[in-house]
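Data block below; observations after.
2 protein chains.
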Amino acid sequence: MPKYPVTCIIENLPSSVPFVGPEIQERQLGKPFVLRLGANENVFGPSPRAVSAMQETLSEIWMYGDSECHDIRRALASFHDVGFENVVVGEGIDALLGYTCRLFVEPGRKIVTSKGSYPTFNFHVSGNGGELHFVPMKAHHEDIDSVLAKSREVEATLTYFSNPNNPMGSWHNNEEVQKLIDGTPEGGLLVLDEAYIEFAPQNTAPGFDITNPKILRYRTFSKAYAMAGARIGYCIGEAGLIAEIEKVRNHFGVSRVSQAGALASLQDQQYLGQTVNKVEEGREKLGEIAGKYGFLALPSAANFVAIDCRRDENYAKSIVGALAQKAVFIRMPTVNPQSRFIRVSVGTEQDLEQFDIALGEVLAELG
Amino acid sequence: MPKYPVTCIIENLPSSVPFVGPEIQERQLGKPFVLRLGANENVFGPSPRAVSAMQETLSEIWMYGDSECHDIRRALASFHDVGFENVVVGEGIDALLGYTCRLFVEPGRKIVTSKGSYPTFNFHVSGNGGELHFVPMKAHHEDIDSVLAKSREVEATLTYFSNPNNPMGSWHNNEEVQKLIDGTPEGGLLVLDEAYIEFAPQNTAPGFDITNPKILRYRTFSKAYAMAGARIGYCIGEAGLIAEIEKVRNHFGVSRVSQAGALASLQDQQYLGQTVNKVEEGREKLGEIAGKYGFLALPSAANFVAIDCRRDENYAKSIVGALAQKAVFIRMPTVNPQSRFIRVSVGTEQDLEQFDIALGEVLAELG
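In order, the protein sequence lines correspond to chains R and D. Numbered as in this note's numbering, the first sequence ends at 367 without a single skipped number. Numbered as in this note's numbering, the second sequence ends at 734 without a single skipped number.
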């Protein structure tokens, strides 16, 4: 008998965390990171208009945020040319994925995702008693054909797909993604995580079809809009599906400050464009750095680059570990064969110069 | 067959929201509220030190918050003289109650609470398929004896108790609460919601016993610390119980800005003391206003006062409705006999003068 009156699902659930945060690693190392290039945060920061809006809203922080997130939700509906009833705003994509799993996952249900893709989704699936079925990536891309085949085979309730993919930065174009959407079997739902979509080429995201009850799409202000610490994201889908999320979400959960910041961010698309350009330059720079050391940067449509270190997982691990000792925070994919890569988030020009130096030193030490 | 592949629990779950937020009401009314005295927010605002800390942290908003909430968690442990492992920080009490229900509620489980007490807890219980059992209040107080009797009778997994109570503001002293803690039956868990505890007399909260695995206690920065819009609260309990929450919580869910604000708030106990004094004065003023119109204010240990309008629910409803038409936002209890009350949050001196005038006009109109 368990020590506490937890549910059957929780009784069988091991303790796990999807990610060990950089601050925890800093405390373990006993020193702060000088370069924070491991969490795919956006070092260029949010629009100055967003910062001003958040500063002003601090004087209202004694008030709960709008439980409907009305203003940002309306702005998002207009921006994406969908209805107000097709958008739900939540405490980041992580929370929205959590609500989605609350709604659709229960013991006996099968969920399909790609091996090595976003672990926080898997955390929520397991936490609700679901059975995860993994398909391998193909050439370091999530593989649409395998994903669909597995979904049909196991009669998956949820099929997760990220475009662009984290941790690889690989992506599919809108026609391929449309094939995935159209191929999602009846009775199942496609969870399309587009956290990094603003960094991707124009033809990456298919248009929104808000009549399709088989797909939910997730976006965030954490990445391109550089507001990771504010916890605000959104989900777009068919109205009835969005209404289901209303049944379980934490209605007063989105910070008042974050709502104001997100609205101002969205309204400053010029700034977003500048950020996206800087990120593109950073990706190129990371490609050059990789090449300089005989490594290979995988083309990326996100704000990070997966770099093939062309040996094995242990080698990649030693690089990540040795960089941490030099106060440089990066991460790496966890699943073979992607685990011979390291994953480096784009930083400022200066950040990347420092990274170049640190990597050179580490590689010289490792031999 | 449902239109979407929702779980059995969700299929049977009606759409509901615990509260219709003031902004939604404003949009329905077509005008903003001039007096916002209905959400038990703290109009006196957070410590200037907290505002400064949050302002400074805005420059770091591109970074995720610390996933352990280490600094504020350590400060809370020290403040309450418990271990780091006895504290978990979350996105407000609402989210922490949600995690608690995820852990302990499943179909077939019985949950006990008081009729008319905090509806968001009930929302989470129903959302996880639990069976709610209600006991009536006694003299407008949650009734410890009835609560315990019902918990024993139904073999409740969770027993909810708020001290002070919302919406009535009534409370029990530490000896009575200790009786409740000690009487919680084996196999069950006491969910002790102390959202308003800082406003209550010194002898209201019993000491923390972090060896007791039958109780979790919930506190927040939304009320006395005036940071409702920042979404940050915490839960204290026996270490193993707190570790269970780790299994399901959203690890990167607490805003970086909110963590910094909460830490600075906690460190400014002098400011907190001033706020508590102002709230006490506000309660007295609300008592005078009530008396002036022949109403009766229930003694309150929170930042709001329940006022007995001495007629029936319809009368209280007309007062709330007529005040809303005058752009004054208050709420009322929903359950008979408490539904003959109105509930008014403490405002500034000027707020309460305006409230007095508006109430006078409304009562004159209603006759």
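Note that the Cβ used here is the ideal one computed from N, Cα and C, for glycine as well. Only a predicted model underlies this, so the values are computations on that prediction, with no experimental measurement involved.
Boundaries (first-last residue) of the alpha helix (DSSP H) holding residue i
i      : result
R:V320 : E313 to Q325
D:D438 : H437 to H447
R:C8   : C8 to E11
R:A264 : R256 to L266
R:A358 : E349 to L366
R:L97  : G92 to F104
D:R416 : P415 to T424
D:A606 : A606 to E613
R:L148 : I144 to V154
Pairwise C-alpha distance: residue j and residue i
i      : j      : result
D:D438 : D:R416 : 16 Å
D:A631 : D:S414 : 8 Å
D:T551 : D:S529 : 14 Å
D:A694 : R:I144 : 55 Å
D:R476 : D:E378 : 18 Å
D:E458 : R:E365 : 44 Å
R:P107 : R:K150 : 19 Å
R:I215 : R:P333 : 27 Å
R:E313 : R:K115 : 16 Å
D:R440 : R:A306 : 34 Å
D:S434 : D:G620 : 7 Å
R:P206 : D:I686 : 52 Å
R:N336 : R:L37  : 22 Å
D:G380 : D:Q392 : A small correction: the amino acid at residue 380 of chain D is Leu; Gly does not occupy that position in the sequence shown. Roughly 25 Å separates the two Cα atoms.
R:S222 : D:R650 : 42 Å
D:A406 : D:V521 : 33 Å
R:A228 : D:N670 : 33 Å
D:T642 : D:K659 : 26 Å
R:F208 : D:G727 : 53 Å
D:S419 : R:G321 : 36 Å
Extent of the continuous beta strand (DSSP E) run through residue i
i      : result
R:H133 : E131 to V135
R:F121 : Taken as a continuous stretch (DSSP letters only), R:F121 belongs to no beta strand (DSSP E), being part of the alpha helix (DSSP H) at P119 to G127.
R:K292 : First-last for R:K292: Q269 to K292, but that is the alpha helix (DSSP H), not the beta strand (DSSP E).
R:G30  : Unbroken run through R:G30: none, as it is neither H nor E.
R:K138 : Note, R:K138: premise wrong, no beta strand (DSSP E); not H, not E.
D:K477 : K477 to S481
D:D549 : Run containing D:D549: none in the beta strand (DSSP E); it sits in the alpha helix (DSSP H), N541 to G550.
R:V305 : F304 to D308
Nearest-angstrom Cβ-Cβ length linking residue i and residue j, presumed shorter than 8 Å
i      : j      : result
R:G347 : R:A226 : At roughly 13 Å, the Cβ-Cβ gap does not stay under 8 Å, so R:G347 and R:A226 are not in contact.
D:L463 : D:G607 : In fact, because the Cβ distance is near 17 Å, the residues do not count as touching under 8 Å.
D:R584 : D:G555 : Going by Cβ atoms, the distance from D:R584 to D:G555 rounds to 15 Å, so no, they are not a contact pair.
R:E142 : R:N165 : 5 Å
R:V105 : R:T159 : About 12 Å separates the two Cβ atoms, so there is no contact after all.
R:A75  : R:L272 : That belief does not hold up - the Cβ atoms of R:A75 and R:L272 are roughly 14 Å apart, past 8 Å.
Proximal residues to residue i (C-beta, below 7 Å), its chain only, five neighbours per side dropped
i      : result
D:N489 : T480 and L499
R:P213 : E238, G240 and L241
D:D749 : No answer is possible for residue 749 of chain D: the residues shown for chain D start at 368 and end at 734.
D:E452 : A606 and I609
D:Y485 : S529, N533 and D560
D:P385 : P486, T487 and F490
R:A77  : G83, F84, N86 and V87
R:D94  : T120
R:H80  : F208 and I236
D:T424 : R623, V624 and A627
Neighbourhood of residue i by C-beta, 6 Å cutoff - its chain only, sequence neighbours within 5 removed
i      : result
D:I743 : Limits of chain D in this structure are 368 at one end and 734 at the other, which puts residue 743 of chain D out of reach.
R:Y4   : none
D:I577 : V449, N453 and E605
Neighbourhood of residue i by C-beta, 8 Å cutoff - its chain only, sequence neighbours within 5 removed
i      : result
D:A668 : P531, G536, S537, W538, Y563, F566, A567, P568 and T571
R:K31  : A327
D:G654 : A664 and V672
R:L103 : E244, I245, K247 and V248
D:R677 : G661, F662, L663 and R707
Neighbour list for residue i in chain A, Cβ cutoff strictly below 9 Å
i      : result
R:G321 : Among the protein chains in the structure shown, which are R and D, there is no chain A.
Item to check | Contact residues within the segment 580-599 of chain D, judged by C-beta distance below 8 Å to chain R | outcome: So the close ones are P580, S589, A593, M594, A595, G596, A597 and R598.
Item to check | Near-chain R residues of the segment 622-653 of chain D (beta-carbon distance less than 8 Å), N- to C-terminal order | outcome: Result list: S622, R623, V624, S625 and G628.
Item to check | Near-chain D residues of the segment 46-68 of chain R (beta-carbon distance less than 7 Å), N- to C-terminal order | outcome: Per Cβ criterion, the list reads P46, V51, M54, Q55, L58, E60, I61, W62, M63, Y64, G65, D66, S67 and E68.
Checklist entry - Listed in chain order, which residues of the segment 26-48 of chain R have Cβ atoms closer than 8 Å to some Cβ of chain D? => result Listed by position along the chain: R27, R36, A39, E41, N42, V43, F44, G45 and P46.
Checklist entry - In chain order, what residues of the segment 373-387 of chain D put their CB closer than 9 Å to some CB of chain R? => result Under the 9 Å Cβ criterion, the segment 373-387 of chain D contributes V373, T374, C375, I376, I377, L380, P381, S382, S383, V384, P385, F386 and V387.
Item to check | Members of the segment 523-537 of chain D near chain R, C-beta cut-off 7 Å | outcome: Of all residues in the segment 523-537 of chain D, those with a C-beta nearer than 7 Å to a C-beta of chain R are T524, reading in chain order.
Item to check | Contact residues within the segment 441-472 of chain D, judged by C-beta distance below 8 Å to chain R | outcome: Going along the segment 441-472 of chain D in chain order, one finds E458, G459, D461, A462, G465, R469, L470, F471 and V472 with a Cβ nearer than 8 Å to chain R.
Checklist entry - If you measure beta-carbon to beta-carbon, which residues of the segment 231-251 of chain R are closer than 8 Å to chain D? => result Cβ contacts with chain D: R231, G240, L241, A243, E244, E246, K247, V248, N250 and H251.
Item to check | chain D contacts from the segment 185-205 of chain R (Cβ-Cβ distance under 8 Å) | outcome: Shown in chain order are the members of the segment 185-205 of chain R whose Cβ falls below 8 Å from a Cβ of chain D: G187, G188 and L189.
Checklist entry - Of all the residues that make up the segment 476-497 of chain D, which are near chain R by a beta-carbon distance shorter than 7 Å? => result Under the 7 Å Cβ criterion, the segment 476-497 of chain D contributes G494.
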